[in-house]
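Presented below is the structure to which this report refers.
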Amino acid sequence: MAVQGEVVDKTAAMIAGPVAAADWLVIAPVLLPIVAGAVLLMIRHNIRWHALLALVVHAAMVGTNGLLLQRVLAEGPVSMTMGSWLPPFGISFTADALGAAFSLTASVVALVCCAYSVRDIDAAGRRYGFYPFLMLMMAGVSGAFLTGDMFNLYVWFEVFLISSFGLLILGSEKAQIDGATKYAILNLVGTTLFLIATGYLYGTFGTLNMADLATKAGQIGEAAPLMTLATLYLLAFSMKAAAFPLNFWLPASYHTPPVITGALFGGLLTKVGIYALLRSLVMIFAAERLVLAGVIGWVAVATMLIGALGALAQSDIRRIAGFLVISGVGIMLAGIALGSNGGLSGAIFYALHSMLALSALYLLGGLMRQRGGSFSLHSLSGLYGASPFLAALAFIISLAVAGLPPGSGLWPKVMLVRAALDVGAWQIAAAILLSGFLATIALGRVFILAFWRERAGDKATTAGVMSVSGCCALVVLVLAMLAMGVLPETFIRLSTTAASGLLDASAYVHAVFPVGSGS
Amino acid sequence: MQTLIFRTATPFLTCLMLMFSVFVLLRGHNEPGGGFTGGLIAASAFAIHGIAFGVPVVRRALYFHPMAIAGFGLFASAVAGLPSLLFGMPFLTGLWSAPSFFGISVDLSTVMVFDIGVYLVVVGSFTSIALALEDREHD
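So the protein sequences, as listed, match chains A and B. Residues 1 to 519 (the working numbering) are what the first sequence spells out, left to right. Residues 1001 to 1139 (the working numbering) are what the second sequence spells out, left to right.
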């Protein structure tokens, strides 16, 4: 409501020139699921359209994310600041190779999970709101990957957390409420720390724009309590990523909801924590990360080993998958601890692999349950004879998760081990190899007990039929993982680009502040 | 709740609060108020009505499910950012027009649509929570 007669010069605060429509690609992957989630909320009881709309929108997200990544790789980071405000004042969305690659992989996983869910989520689940929650959670995840503003990152964290609470208690069984309580409390503590750190950050720098922060963190020097800020962020995001010793909420909750929810959570949510760590500790607080590297390194080693040992001790496939998620988080943390280009690109590649592989592992558990009637290794048996097709998928997924060729987990581990040995970090290299070995045993145990073991006596009546959509979904994931494992050059190049973009943020800063002068 | 005073006063209170919530919503662009505050006031109006006359009465009066109202609000807020695409501006850029009705100029904007969306999200979600809690009391 501009007051008549009063002329305000807006050129210092507002963008004057037009913005290319192609820049809208940065927010399309966030806007699409929000609008779809809102529409689904409005037609909540008209459940016939839910799955179809969700599938179409997920496909559109994959499409826009693909275009975005293509553009970012061709022209460097893309940025758009909301509401025509100039960057430090308005909220920027900035996509670099890291954010775009994570966002694309996340949307592919979500599309596959959505296809799987068509048969897996019954009418009650749909009426309760599975698809609106799913869309809003994906909006939060994409928003977290694409935003260029620290407080906005917090907002997207809340968006996907609150949606994930809804997904987690879908079905309202006692075990679910129990798991959700632990999940909710720990994550709320984590996000509260995140909020406190962000308030402190704003008080220190007077800006929340990541590009602005990346420029100013190097200049502000000893005057500011940067070490405190970096440590707070490390703590908050490690909690979200389920790093040791803050990992116990994950195995306590991820096995309780429907398997599709476990697949989404295990595949995507911990990676948002890793992404936030990469963004804050590597791009903004680079000097502080160097000081913290020793701590992060030991946390990484402990996380890897605790996760792998935990997986060995479990007999429920979903719990095994939960502990392997934790083990993977340790491997990515190792890359952050190393901090070199090789280490970071290994961590980024591993994160991309892990989104696909861990979701696939959960979905595999779901199919084994459909075929064999149980999640427990005590009662599953003879699946090899019942379905050689499933056995083949299980074999490839096990190889990928354990990091053996031709699975997708091999190359990032090779990169990480080499980067660790380059700087003489023997404990990290040894932990990566040992955790891979333990994960191999844990998954080999699944394979031997559930697939190779003779079907026990006359209990052959429980055998069910696997859903076609579920099988197709899993095949897509397995093919993507094989592509990563057999043709790794593309992905290595992509993750190296992403890592260099983090280590030298000048292109990122330049995308947000085209003049290059900062604020 | 069965007290006579409360049941007599509630319809007036509800009316007043709803009108006040719209006032707060519309003045919010330049002065204290806005969609969130207005939405809270409207949601408490529905909550009071529910306490006085029971949850089914409120649900019937609202006609739409509160969550559907919240969904529409989210939809409106998200879509309010889209028109700027046609003008080559970034998402959520405020676009203004001041048509005059009977000689009075009225400022209309996409910002207002966004704020009304926020209002509806808050009304929908908080009413939904309040009604669910009130429902539980009678079990």
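No residue lacks a Cβ here, since even glycine has one placed at the ideal position from N, Cα and C.
query	result
Give the interface partners of M210 of chain A over in chain B, defined as CB-CB distance under 9 Å, in chain order.	Simply none; closest approach about 17 Å.
Name the chain A residues that come within less than 9 Å of V1079 of chain B, Cβ to Cβ?	V35 and A38
What's the gap between the Cα of I396 of chain A and the Cα of L482 of chain A?	8 Å
Taking the straight line between their C-alpha atoms, what separation do you get for A28 of chain A and V118 of chain A?	24 Å
Can you check which of these residues, A:P132, A:F437, A:F165 and A:A54, is closest to L188 of chain A by C-alpha distance?	A:F165
For a minimum of 4 consecutive residues, which ranges assigned as the alpha helix (DSSP H) are wholly contained in the region 111-198 of chain A?	123-128, 130-146 and 150-168
With a CB to CB cut of under 7 Å and the five nearest residues on each side skipped, what residues in its chain are close to D178 of chain A?	none
Can L229 of chain A and T204 of chain A be called in contact, C-beta distance under 8 Å?	yes
Return helix, strand or coil for T105 of chain A, following the three-state DSSP convention.	helix
Quick check: the Cα distance between D149 of chain A and E158 of chain A, rounded to an integer number of angstroms?	14 Å
Output the boundary residues of the alpha helix (DSSP H) element that contains M484 of chain A.	V468 to V486
Under 9 Å between beta-carbons, which chain B residues line up against L524 of chain A? List them in chain order, please.	Nothing about residue 524 of chain A can be read from this structure; chain A reaches only from 1 to 519.
Check whether the Cβ atoms of L494 of chain A and A123 of chain A sit closer than 8 Å, and answer yes or no.	no
DSSP three-state label for N247 of chain A, please.	coil
Flag S1128 of chain B as yes when its Cβ comes closer than 7 Å to any non-hydrogen atom of the ligand SAH, and as no otherwise.	As for the ligand SAH, it is missing from this structure, which has no ligand bound.
Please look up how many angstroms separate the CB atoms of G1071 of chain B and A38 of chain A, rounded, as I've assumed it's under 8 Å.	5 Å
Using only alpha-carbon positions, find the residue among A:L477, A:V478 and A:V465 that is nearest to D120 of chain A.	A:V465
Is the beta carbon of L363 of chain A closer than 8 Å to that of Y154 of chain A?	no
DSSP three-state label for T94 of chain A, please.	strand
Just to confirm, is the Cβ distance from L434 of chain A to L268 of chain A under 8 Å?	no
Chain A partners of A1132 of chain B, CB-CB under 7 Å?	Under the 7 Å cutoff, chain A gives no residues; its nearest Cβ is about 14 Å from A1132 of chain B.
According to DSSP, which residues form a beta bridge with I1104 of chain B?	B:F1101
Are the C-beta atoms of G1103 of chain B and some chain A residue less than 8 Å apart?	no
For W561 of chain A, count neighbouring Cβ atoms within 10 angstroms of its own Cβ and tell me buried if that reaches 16, exposed if not.	The structure shown does not extend to residue 561 of chain A, since chain A is modelled only from 1 through 519, so no value can be given for it.
Could you check what DSSP says for T1003 of chain B in three-state terms: helix, strand or coil?	coil
Starting from D316 of chain A, follow its DSSP beta bridges and name the residues at the other end.	A:S376
Suppose only complete runs of 4+ residues qualify. What are the alpha helix (DSSP H) ranges in the region 1056-1082 of chain B, listed by chain order?	1066-1080
Evaluate the contact criterion for the region 382-398 of chain A versus the region 435-455 of chain A: three or more CB pairs, one atom per stretch, below 8 Å.	yes
Among A:S340, A:I331 and A:A236, which one has its Cα closest to the Cα of L352 of chain A?	A:I331
Does DSSP put V423 of chain A in a helix, in a strand, or in coil?	coil
By alpha-carbon positions, which one of A:V478, A:L40, A:I441 and A:G339 ends up nearest to A400 of chain A?	A:V478
Could you check if W24 of chain A is buried or exposed, using at least 16 other CB atoms within 10 Å of its CB as the buried criterion?	buried
When we look at the beta-carbon of K240 of chain A and count the other beta-carbons within 10 Å, is it buried (16 or more) or exposed?	buried
Is it true that the CB of A302 of chain A sits closer than 8 Å to the CB of L358 of chain A?	no
Taking L309 of chain A as the reference, which of A:F89, A:A442, A:M135 and A:S84 has the closest Cα?	A:A442
Using only the alpha-carbon positions, how far apart do P18 of chain A and V56 of chain A sit?	31 Å
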